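Quick note on numbering that gives the first Met the number 0: the sequence shown kicks off at 0 and runs consecutively.
All C-beta atoms in this analysis are idealised placements derived from N, C-alpha and C, irrespective of residue type, glycine included.
Everything numeric in this text was worked out from a predicted model, so none of it was measured.
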Amino acid sequence: MHREGAHVSTVEHRVRRDVRAWRGPALTAGVVGVATLVLAVRDPHQSGSYGFCPLAAVTGLACPACGGLRATHDLAHGDLAAAWSMNPLWVSMVPVLVGLWFWWVVRVSRGRGAPVLPSWSAWLLLVLLVGFGVLRNLPGFEVLAP
């Protein structure tokens, strides 16, 4: 009887560990799925539908994220060209983020846990965001503006 109880406890422990490991990818998929559904249904192209960008409101400049909601709406409707015209950086990042999510799922399914990105990846992201934010506001790069 003692041995059977020990076996149940080990199985219970594994199940709890597995549930905890899958919580992150499942929650991420759920939140992103719901947010995308909301953006697909409620059109951010309509003035005032989601508020405004504080940087654009104060300075008239487009931040790196400006047009991201509209691009997501357009992607959800299968209009890649319209999405690209709203925010090409975001449209380029979507496949990267989906790939990172799948990498996370594969690692969890193999019992390895969440992937760890190299420390330089945060600096790369910062340089991309700042560079894109500056370029899209310069004359000659209007194609990058939303």
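Check                                                                                                               : Outcome
Three-way DSSP call (helix, strand, coil) for G146 in this model                                                    : In the structure as shown, the chain starts at 0 and stops at 145, and residue 146 therefore has no counterpart that could be examined.
Residue interval of the alpha helix (DSSP H) (run including F51)                                                    : That residue, F51, is in no alpha helix (DSSP H); it is neither H nor E in DSSP.
Under 8 Å between C-beta atoms of P24 and V107                                                                      : yes
Span of the alpha helix (DSSP H) around D73                                                                         : G67 to A75
L38 and A75 closer than 8 Å at C-beta                                                                               : yes
The region 44-52 / the region 115-124 touching (three or more Cβ pairs under 8 Å)                                   : no
D17 burial status per 10 Å Cβ neighbour count (16 or more: buried)                                                  : exposed
N- and C-terminal bounds of the alpha helix (DSSP H) containing L127                                                : W119 to L134
H44 classed as buried or exposed, judged by whether at least 16 other C-beta atoms fall within 10 angstroms         : exposed
Residues of its chain near M0, where Cβ-Cβ distance is below 7 Å and the 5 sequence neighbours each way are ignored : For M0, the predicted structure reports a pLDDT of 48, less than 50, and the residue's modelled location is therefore unreliable. The matter cannot be settled from this model.
C-beta contact flag for P138 and A61 at 8 Å                                                                         : no
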